[in-house]
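Have a look at the structure below before the remarks.
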Amino acid sequence: MTPAWVCLGYAYSIATPQVWNTHFVLDTRQGLLLVDVPADPHVHFPRFGLDPARAEHIVLTHLHPDHVSGLPLLLQNLALRGRTRPLTVHGPAHALRGMQAWLRALGWEPWPWAFPVQWAARAVTATPTEVLAWAGVRVWAAAMRHHVPTWGLRLEGPAGRALAYSADTAPNPALDALADGAVWLFHEATGPYPGHSTAQQAGATAARTGVGQLLLVHVEPGREAELVRAAQATFSGPVRVPRVGERWPL
Ligand SMILES: [Zn+2]
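For what it's worth, this note's numbering labels the leading residue of the sequence shown as 18, then goes sequentially.
Structure (structure tokens):
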């Protein structure tokens, strides 16, 4: 099975019953890598033929509720389903410390049935750093410009196709380095707010970095067509908002 990535949501902080907060998974023969966990995977994943029990790695891009708030419930439900093998959580040290504090507050650690969670905190800079090589996929992270320490990502599959993800950020050179020549740029288009990007800025990043297509995410559901038009002002390649459940071979 070729590793594939699946878009599981593209909404900004306020999701809808049809469009969940922005996140995706990488589906491989060796299991799942989740990039952000904004909601309860046991409710959401089965719609797309995915079983959260196959999770092996999780990347938290940053410690904001619309990106991480489903993780404690995921861990609890995996434990209740009898998981004993470890799960590894990657991300900025700030995000992992915060999540560990939250889990302590929720009483995770003393649970007799809790399985091991490995916390793979890494300090990354504006230069992309390889943070994981697994299931034929290499993952690089670089520091973005957001309100809290945030990782932008590049995932490269065995066939050399790359997916770049801005997470939440203002435009910056580290994101350009991650996106360079990628097939897909999964880019936030929240709007003209500090620590975020507009659709026009996402288009400009796509144009500078020569990506194959621009997928606008972290957007307000209902504004998709307007934001695509805005990005087309700065990027002449294909631009759209991904469908929830859409799947691409990496
Ligand atoms: Zn954020």
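From the three backbone atoms N, C-alpha and C, an ideal C-beta is built for every residue, glycine too.
Bear in mind that the values here come from a model prediction, so they are computed numbers and not experimental data.
Every residue whose beta carbon comes nearer than 5 Å to a heavy atom of ligand 1 appears here in chain order: 81, 185. The beta carbon of residue 218 is closer than 7 Å to those of 188 in its chain, skipping five residues each way along the sequence.
For residue 123, the number of other beta carbons within 10 angstroms of its own is below 16, and it is reported as exposed. A distance of 8 Å or more separates the beta carbons of residue 183 and residue 164. Take residue 47, set aside five residues on each side of it, and the residues of its chain with a beta-carbon closer than 6 Å to its own are 152, in chain order. Contact between residue 26 and residue 258 does not hold, since the beta-carbon distance rounds to 11 Å and is not under 8 Å. Within the same chain, Cβ atoms closer than 6 Å to the Cβ of residue 241 are found at 258, the five residues on either side in sequence being excluded. With respect to the 8 Å criterion, residue 215 and residue 223 are not classified as neighbours on the basis of their beta carbons. Bounds of the alpha helix (DSSP H) holding residue 84 are 82 to 85. Judged by DSSP in its simplified three-state form, residue 125 adopts coil rather than helix or strand. When secondary structure is reduced to three states using DSSP, residue 178 falls in the coil class, being assigned neither helix nor strand. Assignment of residue 59 by DSSP, reduced to helix, strand and coil, places it in the helix class. Put simply, of 253, 236, 237 the residue whose alpha carbon is nearest the alpha carbon of residue 229 is 253. Under the 8 Å Cβ criterion, the segment 128 to 140 does not count as touching the segment 47 to 66, having fewer than three qualifying pairs.
A contact between stretches requires three or more CB pairs, one per stretch, nearer than 8 Å, and the segment 60 to 78 meets this requirement with the segment 100 to 114.
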